[in-house]
Every structure is written in C-alpha cells, then in structure tokens.
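Student: Take this structure, written in structure tokens, and hold onto it; I'll ask about it next.
Number of protein chains: 2
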Amino acid sequence: MPAAAIRIRQTPPVLRVVSERAPDAQRGETTLILSLKHGGTHEVRLRWETRGAAHLPVVAVLGGISANRHVAASHAYPERGWFEAQADARWLAAHRVVSFDWVGSDGALDAPIDTVDQAAALAAVLDVLGIDTLDAIIGCSYGAMVGLAFATAHPARVQHLIAIAGAHRPHPFASAWRALQRNVVALGQLQCDEAQGLSLARQLALLSYRTPEEFGVRFDATPILESGSARCASEAWLAERGAAWAQKTSATAFVRLSESIDLHDLLPSHVRVPTTLVAFAEDRLVPPDDIRALAAGIAAPVRLQVLHSPYGHDGFLKEPEAIAQVLARALDCCEEACA
Amino acid sequence: MPAAAIRIRQTPPVLRVVSERAPDAQRGETTLILSLKHGGTHEVRLRWETRGAAHLPVVAVLGGISANRHVAASHAYPERGWFEAQADARWLAAHRVVSFDWVGSDGALDAPIDTVDQAAALAAVLDVLGIDTLDAIIGCSYGAMVGLAFATAHPARVQHLIAIAGAHRPHPFASAWRALQRNVVALGQLQCDEAQGLSLARQLALLSYRTPEEFGVRFDATPILESGSARCASEAWLAERGAAWAQKTSATAFVRLSESIDLHDLLPSHVRVPTTLVAFAEDRLVPPDDIRALAAGIAAPVRLQVLHSPYGHDGFLKEPEAIAQVLARALDCCEEACA
Numbered sequence: 001m002p003a004a005a006i007r008i009r010q011t012p013p014v015l016r017v018v019s020e021r022a023p024d025a026q027r028g029e030t031t032l033i034l035s036l037k038h039g040g041t042h043e044v045r046l047r048w049e050t051r052g053a054a055h056l057p058v059v060a061v062l063g064g065i066s067a068n069r070h071v072a073a074s075h076a077y078p079e080r081g082w083f084e085a086q087a088d089a090r091w092l093a094a095h096r097v098v099s100f101d102w103v104g105s106d107g108a109l110d111a112p113i114d115t116v117d118q119a120a121a122l123a124a125v126l127d128v129l130g131i132d133t134l135d136a137i138i139g140c141s142y143g144a145m146v147g148l149a150f151a152t153a154h155p156a157r158v159q160h161l162i163a164i165a166g167a168h169r170p171h172p173f174a175s176a177w178r179a180l181q182r183n184v185v186a187l188g189q190l191q192c193d194e195a196q197g198l199s200l201a202r203q204l205a206l207l208s209y210r211t212p213e214e215f216g217v218r219f220d221a222t223p224i225l226e227s228g229s230a231r232c233a234s235e236a237w238l239a240e241r242g243a244a245w246a247q248k249t250s251a252t253a254f255v256r257l258s259e260s261i262d263l264h265d266l267l268p269s270h271v272r273v274p275t276t277l278v279a280f281a282e283d284r285l286v287p288p289d290d291i292r293a294l295a296a297g298i299a300a301p302v303r304l305q306v307l308h309s310p311y312g313h314d315g316f317l318k319e320p321e322a323i324a325q326v327l328a329r330a331l332d333c334c335e336e337a338c339a
Numbered sequence: 001m002p003a004a005a006i007r008i009r010q011t012p013p014v015l016r017v018v019s020e021r022a023p024d025a026q027r028g029e030t031t032l033i034l035s036l037k038h039g040g041t042h043e044v045r046l047r048w049e050t051r052g053a054a055h056l057p058v059v060a061v062l063g064g065i066s067a068n069r070h071v072a073a074s075h076a077y078p079e080r081g082w083f084e085a086q087a088d089a090r091w092l093a094a095h096r097v098v099s100f101d102w103v104g105s106d107g108a109l110d111a112p113i114d115t116v117d118q119a120a121a122l123a124a125v126l127d128v129l130g131i132d133t134l135d136a137i138i139g140c141s142y143g144a145m146v147g148l149a150f151a152t153a154h155p156a157r158v159q160h161l162i163a164i165a166g167a168h169r170p171h172p173f174a175s176a177w178r179a180l181q182r183n184v185v186a187l188g189q190l191q192c193d194e195a196q197g198l199s200l201a202r203q204l205a206l207l208s209y210r211t212p213e214e215f216g217v218r219f220d221a222t223p224i225l226e227s228g229s230a231r232c233a234s235e236a237w238l239a240e241r242g243a244a245w246a247q248k249t250s251a252t253a254f255v256r257l258s259e260s261i262d263l264h265d266l267l268p269s270h271v272r273v274p275t276t277l278v279a280f281a282e283d284r285l286v287p288p289d290d291i292r293a294l295a296a297g298i299a300a301p302v303r304l305q306v307l308h309s310p311y312g313h314d315g316f317l318k319e320p321e322a323i324a325q326v327l328a329r330a331l332d333c334c335e336e337a338c339a
C-alpha cells in the first residue's frame, strides 16, 4: 500500500495497515484511533475487503449487523459472500466493491457505538485505499443507516446512496424489541448460559425480521406434546437458527451493535446526496412510513421504491432478484447522471 | 349450598364445595376431578365468584390468562374487578355474573391444560351453582377461546357467545412469540432468577398485546446512556410492568396457561350457538383475518364487529366504552331473541 494513497480528511488517524493483495481482491486490517460519538477514544482494528480491479468505479456494500466484509466471492476469496445472490454479475464485473467488518463486530470494543462511528470507519478505510469518492453506497438495514450517516458527514465522497430497509432513526417499537433482546442476553449471562441467552435473543430478532404471513404458511401445524410440554411448529427452526448464530457471535458484539441501531439518529435534511430508498411494505422492524418520512426530508433527489415480500425486513436478503433489479436500475441512473 | 343444586351433566365429578354467600355476591372453592385433554386425571381446586341476585339471567365473564374470578366490585367484595370499566352499570344490575380463576392459575397444576379443560371447569362451576343455562358468555382473549370451547361442548347451556379478540386456533406467529416467552422463563429458572425470566416474558407478551402505533407516539424519544449502555424510552415502563406482574405470577401458571393458548384448536363448524365476534383491526396477536375465518365457519347466526384501537389486542381492556357498547347491543339482541 503506497503511503501516497493515504488521504486524511477529517477522518480518524490511522496507526497501522496490514493487507494482502490478489489480482481481483484485497483484504486488510487497519488499526486506527476512533473517537466514538458516545464512548470516548479507542484503538480499533478495522478489517476490510475489496473486490474488483482498482480502476473500476467503487461501490461500498454494507449489510445488517450480522454481515461482514465478504460481500461476494472472488478468485482470491472464493467462499460465498453474504450479498452474493443480490450481486448481479454484470454490475459486479463493472465495479470495485469495498466493505468492512462493523466496528464492534469482533466483541473487542465494549462501548456505545453509533452509526456515525461506522461512517467514520468507512471514511478511514477509503483513505487507506486511496479512494476519494464512491460511485455509490449500497446499504441494507444497518448498512442503510451507516450509509445515511456517511452521506451526512461526507457528502462529497459519495455520488449516490442506495439505502434498503433503513431509515434516519429507529422506530420506538423496534427499539423496545431490541432492548428486550439485550436484556435476554444479560439474563443468559447471569444464569451462566450466555449461549442460550444469545440464541433466544436471535430468535426474538428473527420474529422482528419476518412476518406473520410467512409463519402462517410455513408453520401451519398444531403443536406436539414432548415430555409433557407443547412444542410449537416453529420452535425447532427458531432454536436451530438461534443456536447456530449464538455459536459464531460474541455477546458484546451483539449487544453493542444492537444498541447502535437504537442510538442512530440523523436529520433527513442533512442528507444532501442523491438517494434511492427501498422499503418493504411488510417490514415490521423498519416501517415503510418511516422511510417515507426520510424520503420527504432528504435535501437531494430521492427515489423511493416500495417492494413487497412475505419476508418483511429480511426481504433485502430473501428477495435477491427484486434487489438486483433495484440495483441495476439505480446504478445505471447514477452512471447516466455522472456521464 | 343445597345438594339439590348440584347437577352433573357429563361434567367433572365434584368432590367438595366450600362457599361464602353475601346478599349480592358469592365466592366458593370447588374441588373436582378433572380429566385433562392432554394431561391425565387431576384433583383440581376451582375458585369461583358470582355477583348479582340468584334470580337474574346469568352471564359468565372470562378474561385473559392473567384475569381472575373477580369481574366487578360488589358490596361483599368491593375491590375493583378486572372488567369493571367495561361492565356498564345497566347490564351489571340486570345480570348475575359468574366467573372463575383459570385452572392452572395457582401454579399447582403442572400439566398441559387445554381450553377444553377450562370449559369443563366452567360447566362444573355452573353445576355447583345450579345454573342450567347461561344467557351469555362474554369471553375476552383467552376467555373467548374458552367460550368457544364451552359452546362446542355444551351448546344447550349457553344462548349467546360474545367472543372478543379470540379465534378457534392460535396464529402460528403468535405461537412462536409465546414459545419464546416460555423459553425465556426457562432460562430464568436455570440458576436463580425466575423473577427476571418471568418479567422479560411478560414484557415480550406486552409487545404482542400492543402496537407500533402506540409506541410510536408514547415512546418517541432518543435513548439515554446510563452507565455506558443505551436505555430506550420504553424500557423503564416495560421493566416496571414486567416486574410487578412477575411478583404476583407463578412461573408454572404462566407457562401452562401460555401453552394452553397454543394447544387451543377447535372447528368453527362445531360452534352451534349464536355468536357475536369482536376483532381489533390492529390486533397483532389474534389477526382479524383469523376471526373472519371463524365467523365464516360457525354453524349459527354470527355477527362480527371489527373495532379500531391503537392498543391492538389489549383493546378489550383499554377501550372500555367501545366494549360496553358492543355488550349492551349484543346482550339486548340476545334478550330479544330469548323473549
């Protein structure tokens, strides 16, 4: 990494960069000093990844709090990425993709993290990579919130924001739901069963990501009695998903990233970047009305698309074709606008 | 209690009755042998209460799983009842009201309880009281399910069923929600904090009883940071409600009554009693569509009223005037039909 590529512009000071470069991808770790909005100054290690040749237009892809830097497979890193299904091969071939593991996702930082801090971290990653301006940010769920925070703090560094299933603030009902998840994690820790606390918190989260419509079709069976207790049709699936997730997740990481969603609080009018917003009509976590309010307030051209999905909030993961279409259209528009 | 008043009609055998009678009310305990649908034969102590003179037409009033036999204040038992606000003075004065504490609500019965078992218990209470036929059952939430079970098992013993916010079966999404609540209680029981497990389960239940609309207005504030953690606007209210409820609730009672809702499974076509159904459009626990399906299937005259309430499922408690109107109209109709 040539030193000349590092440009600091009101972004956090970088201490160290370690990276490995392959023909079609690059991974690295950047250690930097981050002044958290709520939580003091911390030394943080950022893990980032890029995919695609350096001369291509750059798009940052940011997912939910459980997502990571590996967006899509490359020759260098061939495992499937979390955005693989949505990442249409055409635009993937035409762009360099940047992403990073969320600040706090390794569980090493036990302090209140804000989406503004994640935006500062993205700016630091771009500095390290010598990327001045992003063609676009594609942010889903938490990633949409971070995209909005980045567009607010660095309007000159992104030409187009595509924010899917995220708004400028959390809905109070969703906040209550998440607060209970964090309290269930705390109960698990108190009871010396952190894994079960995490698993139940994840299962609660799943209920907020999905919809009654999906459950009505998928788990339409009377409960069975097992050892004298009723087991509902969805319980085995929920427990399996919860346990698998608990195994790979640090309690601190979950609590701090969950909390980060509740601390997220931006003014729509401070977003001055052309924006494409996507809402799912059935989303119970981020109600479409909140995204409509965001759309009405943004101080730049906005397009709002309301999609339908029986998967509600999880539509950003479970409706890859619809998302791929949105992206193809939005990124084309962006390129036309930039031409 | 004169022995002649005891009439057994395919209802459980009564072992003992102890009761105290006042001019305008009566309370008693009946010990009986109950053959549970799923859980074998058990000796169960039923606690019941009546209010109003013996010659008046009799209405059974049944509430949610947290309700009890004390429906409304009398001279004998002057404390406020759980249905006080909904119980219009006119119809209260014109009826004798019967209710009972749910089988399992004392925590003494640790076995799967079905709504069919509660219906058998109600029949036993009526036998003990010498009541052949009820003018009406007013059932709310769990009470609506028990009312449907009673109408199915004893169509000749009730002339009119008023079932508010209850259906013939639970919705699979609501079942998943309740199953998680029971699992949170189990987590609390692991070591030594049953109260916190119960409190969190209740808080989760509250989220299912209420609506995002209510929370959006009521808890519209950014979180505050307390000892380095975010506290959302609703957390204090939820924690207070959860703790107060946990203090007065047995874990076994909660788990078995919660489970009882999920075991509830009736055929609408087996209900052959004139029925008034009430749904709340915003009810996320008992979706109006499920009550519409019930209405379509009942083999008797049915009236369905869909009310609106920002309190969702809890509308049966939080919209006393609307409920009082429904009752006045429904009970008038019933009396006309019987005249």
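Note that the protein sequences, when read in sequence, are chains X and G.
Counting in UniProt numbering, the first sequence runs from 1 upward without gaps.
Counting in UniProt numbering, the second sequence runs from 1 upward without gaps.
Ideal Cβ positions, reconstructed from N, Cα and C, are used throughout, including at glycine.
Just so it is clear, the structure is predicted and the values come from calculations on it, not from any experiment.
Give the straight-line distance between the Cα atoms of Glu321(X) and Val116(X), rounded to the nearest whole angstrom.
Tutor: In the first sequence, the residue the question calls residue 321(X) occupies position 321. In the first sequence, the residue the question calls residue 116(X) occupies position 116. Going from the Cα of Glu321(X) to the Cα of Val116(X) covers about 30 Å.
Student: Using the three-state DSSP reduction, which class does Gln159(G) fall into: helix, strand or coil?
Tutor: Within the second sequence, residue 159(G) is the residue found at index 159, counting from 1. Coil, per DSSP.
Student: Closest to Gly52(X) by C-alpha separation, out of Val286(X), His95(X) and Pro155(X), would be which residue?
Tutor: Locating residue 52(X) in the first sequence gives position 52, where the first residue counts as 1. Closest by alpha carbon: His95(X).
Student: Have a look at His270(X) and Ser208(X) and give me their C-alpha separation to the nearest angstrom.
Tutor: Along the first sequence, one-based indexing puts residue 270(X) at 270. Along the first sequence, one-based indexing puts residue 208(X) at 208. For His270(X) and Ser208(X), the distance between alpha carbons rounds to 29 Å.
Student: Once you ignore the five residues that flank Pro170(G) on each side, which residues in its own chain have a CB closer than 7 Å to its CB?
Tutor: Here the question's residue 170(G) lines up with position 170 in the second sequence. Answer for Pro170(G): Ile261, Asp262 and His264, listed in chain order.
Student: Give the C-beta separation of Leu92(G) and Ala72(G) to the nearest angstrom, bearing in mind that I take them to be a contact with Cβ-Cβ under 8 Å.
Tutor: By one-based count along the second sequence, residue 92(G) stands at place 92. By one-based count along the second sequence, residue 72(G) stands at place 72. The Cβ separation is near 6 Å, so the contact holds.
Student: For Phe215(X), decide whether its Cβ has a neighbour in chain G, counting only Cβ atoms nearer than 7 Å.
Tutor: Here residue 215(X) corresponds to residue number 215 of the first sequence, with the count starting at 1. Yes - at least one Cβ of chain G is within 7 Å of the one on Phe215(X).
Student: Is the beta carbon of Ile33(X) closer than 7 Å to that of Tyr142(X)?
Tutor: Within the first sequence, numbered from 1, the residue matching residue 142(X) stands at position 142. Within the first sequence, numbered from 1, the residue matching residue 33(X) stands at position 33. Their beta carbons are not under 7 Å apart, which means Tyr142(X) does not touch Ile33(X) by this criterion.
Student: Could you name the residues of chain G that His38(X) contacts, counting a contact when the two beta carbons are closer than 9 Å?
Tutor: Within the first sequence, the letter at position 38 stands for residue 38(X). Neighbours of His38(X) on chain G, chain order: Leu225, Gly228 and Ala230.
Student: Of all the options Glu235(G), Leu187(G) and Gln191(G), which has the alpha carbon lying nearest to the alpha carbon of Leu206(G)?
Tutor: Working through the second sequence from its first residue, we reach residue 206(G) at position 206. When each option's Cα is compared against that of Leu206(G), the closest is Glu235(G).
Student: Between Val184(G) and chain X, is any beta-carbon pair separated by less than 7 Å?
Tutor: The residue you call residue 184(G) lines up with position 184 of the second sequence. So yes, Val184(G) belongs to the interface.
Student: Keeping to the same chain, check which residues put their C-beta closer than 8 Å to that of Asp314(G); ignore five residues upstream and five downstream.
Tutor: For the purposes of this step, residue 314(G) is identified with residue 314 of the second sequence, where counting begins at 1. Answer for Asp314(G): Tyr209 and Arg210, listed in chain order.
Student: What alpha helix (DSSP H) runs, 4 residues minimum, are completely inside the stretch 188 to 227 of chain X?
Tutor: The qualifying runs are 194 to 209 and 212 to 218.
Student: What are the start and end residues of each continuous alpha helix (DSSP H) run of 4 or more residues lying completely inside the stretch 64 to 152 of chain X, in chain order?
Tutor: Within the stretch 64 to 152 of chain X, the complete alpha helix (DSSP H) runs of at least 4 residues are 89 to 94 and 115 to 129.
Student: How is Val58(X) classed by DSSP in three states: helix, strand or coil?
Tutor: Locating residue 58(X) in the first sequence gives position 58, where the first residue counts as 1. Strand.
Student: Quick one: does Phe219(G) have its CB under 7 Å from some CB of chain X?
Tutor: Along the second sequence, read from residue 1 onward, the residue named residue 219(G) stands at position 219. Cβ-Cβ to chain X under 7 Å: yes for Phe219(G).
Student: Just to confirm my understanding: we take Arg16(G), look at its own chain, exclude 5 residues before and 5 after, and list those with CB closer than 6 Å. What are they?
Tutor: Along the second sequence, one-based indexing puts residue 16(G) at 16. Cβ neighbours of Arg16(G) beyond the five flanking positions: Thr31.
Student: Check each candidate in Trp177(G), Ala165(G) and Ala330(G) and name the one with the smallest Cα separation from His308(G).
Tutor: Along the second sequence, one-based indexing puts residue 308(G) at 308. Looking at the Cα atoms, Ala165(G) is the closest of the given residues.
Student: Please confirm if Phe173(X) has its CB atom under 7 Å from at least one CB of chain G.
Tutor: Position 173 of the first sequence, counted from the start, is the residue given in the question as residue 173(X). Answer yes: the Cβ-Cβ gap between Phe173(X) and chain G drops below 7 Å somewhere.
Student: Applying the 10 Å Cβ sphere with the 16-neighbour rule, what's the burial state of Gln247(G)?
Tutor: In the second sequence, the residue the question calls residue 247(G) occupies position 247. So Gln247(G) counts as exposed.
Student: Which residues, taken in chain order from the stretch 258 to 276 of chain X, show a beta carbon closer than 8 Å to some beta carbon of chain G?
Tutor: Those would be Glu259, Asp262, Leu263 and Asp265, in chain order.
Student: Assuming Ala136(X) contacts His160(X) (C-beta within less than 8 Å), just tell me the rounded distance between them.
Tutor: In the first sequence, counting from the first residue as 1, residue 136(X) sits at position 136. In the first sequence, counting from the first residue as 1, residue 160(X) sits at position 160. Correct: roughly 4 Å between the Cβ atoms.
Student: Counting only Cβ pairs nearer than 9 Å, list the residues of chain X close to Asp193(G).
Tutor: Indexing the second sequence from 1 puts residue 193(G) at position 193. The contacting residues are Leu187, Leu190 and Gln191.
Student: So if DSSP puts Leu277(X) in a beta bridge, which residue, or which two residues, is it bridged to?
Tutor: The residue you call residue 277(X) lines up with position 277 of the first sequence. BP columns for Leu277(X) point to Ala163(X) and Leu304(X).
Student: Leu327(G) to Trp245(G), Cα distance in whole Å?
Tutor: Here the question's residue 327(G) lines up with position 327 in the second sequence. Here the question's residue 245(G) lines up with position 245 in the second sequence. In a straight line, the C-alpha of Leu327(G) is about 28 Å away from that of Trp245(G).
Student: At the 7 Å Cβ level, is residue 340(X) part of the contact set with chain G, yes or no?
Tutor: With chain X covering 1 to 339 only, the question about residue 340(X) has no answer from this structure.
Student: Less than 7 Å between CB atoms is the rule here; does Ala176(X) satisfy it with respect to chain G?
Tutor: Taking the first sequence and counting its residues from 1, the one referred to as residue 176(X) is at position 176. Yes, contact with chain G.
Student: Give me the chain G residues within the contact set of Gln203(X), using Cβ-Cβ distance strictly less than 7 Å, ordered along the chain.
Tutor: Sequence index remark: in the first sequence, residue 203(X) carries index 203 (1-based). Leu180, listed in chain order.
Student: Assign Glu20(X) to one of two classes, buried (16 or more other C-beta atoms within 10 Å of its C-beta) or exposed (fewer than that).
Tutor: Residue mapping note: residue 20(X) aligns to position 20 of the first sequence, counting from 1. Under this definition Glu20(X) is an exposed residue.
Student: Helix, strand or coil for His42(G) per DSSP?
Tutor: Counting from one through the second sequence, the residue named residue 42(G) turns up at place 42. Note: His42(G) maps to strand in three-state DSSP.
Student: Just to confirm, is the Cβ distance from Gly242(G) to Arg202(G) under 7 Å?
Tutor: Residue numbering aside, residue 242(G) sits at position 242 when the second sequence is read from its first letter. Residue numbering aside, residue 202(G) sits at position 202 when the second sequence is read from its first letter. In contact: Gly242(G) and Arg202(G) (Cβ atoms closer than 7 Å).
Student: Report all residues from its chain with a CB closer than 6 Å to the CB of Asp289(X); omit the five preceding and five following residues, and keep chain order.
Tutor: The sequence position of residue 289(X) within the first sequence is 289, counting from 1. For Asp289(X), where only same-chain residues beyond five positions count, there are no Cβ hits under 6 Å.
Student: According to the Cβ coordinates, are Leu266(G) and Leu148(G) closer than 7 Å?
Tutor: Counted from its first residue, the second sequence places residue 266(G) at position 266. Counted from its first residue, the second sequence places residue 148(G) at position 148. For Leu266(G) and Leu148(G), yes; Cβs fall inside 7 Å.
Student: Looking only at its chain, what residues have a beta carbon closer than 6 Å to the beta carbon of Met1(G), apart from the 5 residues adjacent to it on each side?
Tutor: Counting from one through the second sequence, the residue named residue 1(G) turns up at place 1. Any reading at Met1(G) is ruled out, since the residue's pLDDT is 38, under 50, leaving its predicted position unreliable.
Student: Let me know if Asp220(X) comes out buried or exposed under the rule of 16 or more other beta-carbons within 10 Å of its beta-carbon.
Tutor: What you label residue 220(X) is simply residue 220 of the first sequence in a count that begins at 1. Exposed: under 16 other Cβ atoms inside 10 Å.
Student: Along chain G, in chain order, which residues have C-beta atoms closer than 9 Å to that of Leu233(X)?
Tutor: Along the first sequence, read from residue 1 onward, the residue named residue 233(X) stands at position 233. It is Ala, not Leu, that sits at residue 233(X) in the sequence shown. Correct list: Pro172, Ser175 and Ala176.
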